[in-house]
Each structure stands twice: as C-alpha cells, then as structure tokens.
Amino acid sequence: MNIWIIGCGDIGQRASALYNNQSPLQNSEKQGGWASTQGNIQGIVQSEASKLACEQANIQATQIDLDKPYHFSNNQFNDTYIFYFAPPPSIGKTDPRLANFLKIIADQPNRIVLISTTGVYGDSKGEWIDENTPPRPKVDRAHRRLSAEQSLQSWAKQHNKEYMILRVPGIYAQDRLPLSRLKKGLAVVNSKEAGWTNRIHADDLAQACKAAMHCEQSNQIINITDGNPSSMTDYFNQVADYAKLPRPPQISMKEAEEALSEGMVSYLKESRRIKNDKMLNILAITLKYPTLASALNK
296 MNIWIIGCGD IGQRASALYN NQSPLQNSEK QGGWASTQGN IQGIVQSEAS
346 KLACEQANIQ ATQIDLDKPY HFSNNQFNDT YIFYFAPPPS IGKTDPRLAN
396 FLKIIADQPN RIVLISTTGV YGDSKGEWID ENTPPRPKVD RAHRRLSAEQ
446 SLQSWAKQHN KEYMILRVPG IYAQDRLPLS RLKKGLAVVN SKEAGWTNRI
496 HADDLAQACK AAMHCEQSNQ IINITDGNPS SMTDYFNQVA DYAKLPRPPQ
546 ISMKEAEEAL SEGMVSYLKE SRRIKNDKML NILAITLKYP TLASALNK
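With this note's numbering applied, the sequence shown covers 296 to 593.
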C-alpha cells in the first residue's frame, strides 16, 4: 500500500508504527481479527522539527506549507491511501487548507481518513449522544472542523471515492499530560459546575485510524472515544494524583470566565457524553486504555 500522512505529527507517527507490527484491525471471520499490513509510508509536515521527527521514526517526510502555493508531481497520489491529520487554520469558520489540498489531488487517492472533532456537536447539556446527533458547533474551531468534513464528503461524492471521518475528543498519553499546568497551580472549575468531557488515548486513536483505513465499510462518521466520560476537574485530579502533584484549586464558572483563557472557558462551557458503540462495532478494535485510570496505572 502507498500511504500518505498529511500532518504527520504525534498521531501520524503512532499510526505509522502500527504498520511495522501485527495489530488488531477487525474481529471479523474474514480477517480472523488480525492483519499484518505493510505500507510504503510518506508524510507531509510543516516544520523542520517535524520532518526530523518523522525521519527518526523511519517515515520519509516532505516539508510543505499547505497555506502557500505548492504542487505535487503528476499522479503522485494515484492509487494511494491518505491519512489527513493536518488541522484547519487557526481563524475563520472554514478550512480552506483541506479544500485546496483536495482540489490539487483530484481523483487520485482511493480513500482518505480524516481526523475531526467531537466539538462539532456543541453543547448537549451532559446528555449522551452518538453519530446520529446533528452537529451544532458553537465556536469557530468546531465550525472549521465541520467545514473540513463537508469538503471531504463533497470530494468523495464528486470523484466516487471513499472516506472515513473520525470525530475525536481530548487526546492524552503519558507524554501528553497537563503537568506544566498542574505545576503552575492553575485553577479548574469546581466539580458541581464542571461539565462532562470525553477523551481517547493517543495509542487507541492511532489504532482506530488504521482500522478506519482498512475497514470494509466506508463513507462513515465515527466517534473515537473511550466511552468513559468524566468532568475536566476529575481529569486534572486524576493526573495530579498520578504525578504526585497537588490537585488544582477549584473556582466557580463565573470566576473561570475572568481567570482562564477564552479557549479553555469555551471548552468548559460545553458538556456532552459521547457513545462509542459505532467505533467498537464497525472498527472492531479493542481499546488498550478504556479508562483514564487504566492508562495512568500502567
């Protein structure tokens, strides 16, 4: 397989590593629950540091600024499979970055797997939701992700190609914990006012991405979460206990609006619990870390 990872950062490198080992893809009779899939993997990155990190991970990487004029060689993406992990721009309500990429590659790839965000659902007041819940993005960053989803769906329909959209919540791993924030003693919203948040371990997201690429089904939107939501306060408390740091002080939501960043407050004001039944049924992966505690206590 000729595989490209656009935006080959941490998750891209974790996904790439899975192609060098046997890994569970689908628990189907046809595949026997296991597949050893080798791939000729190449990446596109924006920074020199990311390029170096890819090369250290044995990924051939090309440094390209997707927001500046660029071109690819003829048929460079013909008969390829693309993981698109590059985020949208940091401003606006659309994602011209992905729209332009899709225009350039035209009908060459066979399938594109896109990482989106569960933020497109907006605030569900803590109710359980699934993929049938209509998107109601509240903030610009969620609008940009929904724009990316729509661009990919339009591309697939126009060229009769396949896509998989993975809606992802907060990503964590042992090397992606908010230790710096905890060491600074920054406050969190008190438990009574804190809404529900969802998360997925980076390794589980990587295996979900690979499973989505090789899944017999296509043109699906799938929530990627461990299915065990909790409050942001509980998350910080568990991480603090794991790192043997003081638990963060708690403040009211009103105080948070004055003390915390606008981005953090916008996260805190959205509350939702996200089901992962579709992920477990269609991608048929077994989560390595079904709870935060299972990762921290490893």
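Think of the CB as a built atom: it goes at the ideal place given N, C-alpha and C, for glycine as much as any other residue.
What you are looking at is a predicted structure, and each value in this text was computed from that prediction instead of being measured.
Report yes if the C-beta distance between residue i and residue j is below 8 Å; otherwise report no.
i	j	result
L397	L447	yes
I289	F372	With the chain represented from 296 up to 593, any question about residue 289 goes unanswered, as that position is not in the structure.
M459	A489	no
R567	I424	yes
D435	G387	yes
A588	Q502	no
V415	P391	no
A554	I546	yes
R440	T389	no
Can you look up residue i in the DSSP assignment and give me helix, strand or coil?
i	result
Y365	coil
Q545	strand
A482	coil
V415	helix
I577	helix
Q453	helix
Q371	coil
Q448	helix
State the Cα-Cα distance for the pair residue i and residue j, rounded to the nearest angstrom.
i	j	result
I377	C303	11 Å
T581	D498	11 Å
W450	A356	25 Å
E444	S411	7 Å
L540	L477	7 Å
Y379	V408	6 Å
S368	Y314	26 Å
L320	C504	Annotation note: pLDDT 41 at L320 (below 50); position unreliable, no value reported.
G421	R494	15 Å
From which residue to which residue does the alpha helix (DSSP H) around residue i run?
i	result
I400	P391 to I400
Y562	E557 to L563
M296	Per DSSP, M296 belongs to no alpha helix (DSSP H) and is neither H nor E.
T528	M527 to A538
S411	Where S411 is concerned, there is no enclosing alpha helix (DSSP H), although the beta strand (DSSP E) it sits in stretches over R406 to T412.
Q351	E343 to Q351
Over what stretch of residues does the beta strand (DSSP E) that includes residue i continue unbroken?
i	result
I306	No beta strand (DSSP E) holds I306; the alpha helix (DSSP H) holding it covers D305 to L313.
E457	E457 to V463
Q355	Q355 to Q358
Q512	Counting along the chain, Q512 falls outside any beta strand (DSSP E), and DSSP gives it neither H nor E.
Assuming residue i contacts residue j under a Cβ cut-off of 8 Å, what Cβ separation, rounded to an integer in Å, is found between them?
i	j	result
I516	E457	With 8 Å as the limit, I516 and E457 do not qualify as a contact, their Cβ atoms being about 13 Å apart.
A507	L578	6 Å
I359	I298	Rounded, the Cβ-Cβ distance is 17 Å, inconsistent with contact.
D402	H454	4 Å
K570	N518	7 Å
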